Structure formats: structure tokens, C-alpha cells
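For reference, the structure is listed below as C-alpha cells.
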Amino acid sequence: MSLTSETGTMLREFLRSPIDTGAVAPSSRRLAEAVTAPVPERGDPVVVELGPGTGAFTGTIQEQLRGRGRHLAIEINPQLAGRLSDRFPGVEVLNAQAAQLPQLLAEQGHERADVVVSGLPWASFPRTVQSETLSAISRVLAPEGAFTTFGYLHARRLAPALRFRRMLHEAFEEVVAGRTVWGNLPPALVYHGRRARKAAPLLGAASGGRSPVGLAPLPRRPAVPGRSVGPRTPSAG
Numbered sequence: 000m001s002l003t004s005e006t007g008t009m010l011r012e013f014l015r016s017p018i019d020t021g022a023v024a025p026s027s028r029r030l031a032e033a034v035t036a037p038v039p040e041r042g043d044p045v046v047v048e049l050g051p052g053t054g055a056f057t058g059t060i061q062e063q064l065r066g067r068g069r070h071l072a073i074e075i076n077p078q079l080a081g082r083l084s085d086r087f088p089g090v091e092v093l094n095a096q097a098a099q100l101p102q103l104l105a106e107q108g109h110e111r112a113d114v115v116v117s118g119l120p121w122a123s124f125p126r127t128v129q130s131e132t133l134s135a136i137s138r139v140l141a142p143e144g145a146f147t148t149f150g151y152l153h154a155r156r157l158a159p160a161l162r163f164r165r166m167l168h169e170a171f172e173e174v175v176a177g178r179t180v181w182g183n184l185p186p187a188l189v190y191h192g193r194r195a196r197k198a199a200p201l202l203g204a205a206s207g208g209r210s211p212v213g214l215a216p217l218p219r220r221p222a223v224p225g226r227s228v229g230p231r232t233p234s235a236g
């Protein structure tokens, strides 16, 4: 998929669903490299990608993994999820909400993720969605795991962005802000979180403890030859 094609897809999906999409253009290569930096160079890590969109981070993660481990991508937009599944057959793409992460991982045969990479538009989310999603990430992240995300520089003073950063510090013992990625449109800041505090914020605290419903995994094509994708469940196709 060309850059022009990706930009057109993102713009169309933004106009259709601005809150879920959150961006009018794909992230740059520089931002992708900064956000995916915690992906281990060795071993067989479980890497979860939230809000992959057209796959700006997906391709970089695949390059870093080089066929190792597992790569799950969770995308709420069905059109983007379908395109991503076609473009990256070695990635397990699930059309679902990010707050369903513990359920999704369990259905794929995992309790923990080694790295969670987020392309979610945090500043466009209400408090409940921010809280429930961060809680879900905290619950599944391995003790030595890493969470990485970004925010746009121009929006960092907005109330939702300020609230998200407060929640980020509540959810992780260590939060490090990287350098501004000026080569992205618009410029962005990268955040890395480690040592998740499992109890804060509580998942479902603002929604009466309701469990998320409506899981809709995409039909999966066979694994790339020679690449193990591990056990699957009937619901994952």
C-alpha cells in the first residue's frame, strides 16, 4: 500500500469515525521506530498492537520480530482491520475494542504480553475509555514488560491529554517521555511505561464493572509458511 493510498484511507476513515480513528494521516517512519523501540531483539516475545490503523507501526514491528514470537493487532474499525489483515498475513488481527485485551489474549492462549504498542488516539477518548483501556493493559503486561504510546504535541495541553498523562503515571511506576518526533505530521511525543501497577486504575470502575461484549475476530488466513503463530481458538477462525 502506497503512502498516498494510506493517507486517503486514514482520511476517509477519520471522516467516517473521527473519535475511533483519531488521525487524518498515517504515522511517519521516525515515529514508528520510536514507538516500537521496546520490541525485544531476541527471544519469542508476545507483542500486542492497539489501534494499528493502516499499519504504520505494524510493518516496523514485523521487521523487528523477523518471524519470532507472536504479533496481535487489535483494531476497532472493521474496514481498517480488514485491510491490515490482507496486508500483513503473519499478524493476528482482531476487530475488537482495546479494553477487551485480557479476554483477547486469553483466547489466543496467552496470559501476558511482553510489549504493548499503542497507536490509540488517547486525547479524543473520554475518561472511562482511557481508564478501562489503561487498566486492561496493566493487567496483561508482563512484570518486565513495556507499554509505549504517543501523543500529538499540539494537543498535549488539552484536558483529555493532561488527564491521560496523569492516568499513565498512576498505571505505571516508571514513565519516560522521549524526544519530540518533529518528522511526524503533526509532531508527536513518545511515552514509555514500565512496571505496571496492577490495581490502578480499576477496569470497569466507571462503568459498574460491566464486561466488554461484542468480540468480533476477523477470519484468519493460514500462517505464513515456516512461521508458527501458536494455538488458536475456534472464535478466532
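Reminder that position 97 of the sequence shown reads as 96 in numbering that gives the first Met the number 0, one-by-one numbering, no gaps. Note that CB positions come from ideal geometry on N, CA and C, so glycine has one too. It should be emphasised that the depicted structure is a prediction, and the values quoted were computed from it without experimental measurement.
Task: Cβ pair proline 51, alanine 72 closer than 8 Å - done: By one-based count along the sequence shown, residue 51 stands at place 52. By one-based count along the sequence shown, residue 72 stands at place 73. In contact: proline 51 and alanine 72 (Cβ atoms closer than 8 Å).
TODO: Can you tell me the Cβ-Cβ gap for valine 180 and valine 189, rounded? I've got them flagged as a contact below 8 Å.
DONE: Here residue 180 refers to the residue found at position 181 of the sequence shown. Here residue 189 refers to the residue found at position 190 of the sequence shown. Rounded, the Cβ-Cβ distance is 7 Å, consistent with contact.
- [ ] Using 10 angstroms around the beta-carbon of glycine 42, count the other beta-carbons present and answer buried if the total reaches 16, otherwise exposed.
- [x] Position 43 of the sequence shown, counted from the first residue, corresponds to residue 42. Answer is exposed; the Cβ neighbour count stays below 16.
Task: Buried/exposed call for leucine 133, threshold 16 Cβ in 10 Å - done: The sequence position of residue 133 within the sequence shown is 134, counting from 1. Per the 10 Å Cβ criterion, buried.
TODO: Specify the secondary structure class of leucine 157 as computed by DSSP and reduced to three states.
DONE: Taking the first residue of the sequence shown as position 1, residue 157 is located at position 158. Coil, per DSSP.
TODO: For threonine 147, write down the residues that DSSP places opposite it in a beta bridge.
DONE: In the sequence shown, the residue the question calls residue 147 occupies position 148. Per DSSP, Val116 and His191.
Open item on the list: Along the chain, where does the alpha helix (DSSP H) containing glutamate 106 start, and where does it finish?
Closed with: As a position in the sequence shown, residue 106 is number 107, starting the count at 1. Unbroken alpha helix (DSSP H) run through glutamate 106: 100 to 106.
- [ ] For the beta strand (DSSP E) holding leucine 71, just list the boundary residues, first then last.
- [x] For the purposes of this step, residue 71 is taken as the residue at position 72 of the sequence shown. Note, leucine 71: beta strand (DSSP E), 69 to 74.
Open item on the list: Quick check on this structure: which residue in Arg28, Ser27, Ala33 and Arg29 has the alpha carbon closest to the alpha carbon of alanine 176?
Closed with: Locating residue 176 in the sequence shown gives position 177, where the first residue counts as 1. Per the Cα distances, Ala33.
Open item on the list: Can you look up phenylalanine 163 in the DSSP assignment and give me helix, strand or coil?
Closed with: The sequence position of residue 163 within the sequence shown is 164, counting from 1. Helix.
Task: Bridge partner(s) assigned by DSSP for glycine 169 - done: Counted from its first residue, the sequence shown places residue 169 at position 170. Per the sequence shown, the amino acid found at residue 169 is glutamate instead of glycine. Paired residues: none, contrary to the question.
Open item on the list: Looking only at its chain, what residues have a beta carbon closer than 7 Å to the beta carbon of isoleucine 60, apart from the 5 residues adjacent to it on each side?
Closed with: Here the question's residue 60 lines up with position 61 in the sequence shown. Excluding residues within five positions, the ones whose Cβ falls inside 7 Å are Thr35, Val38, Val46, Glu48, His70 and Val116.
Task: Bridge partner(s) assigned by DSSP for leucine 140 - done: Position 141 of the sequence shown, counting from 1, holds the residue named residue 140. Answer is Ala112, bridged to leucine 140.
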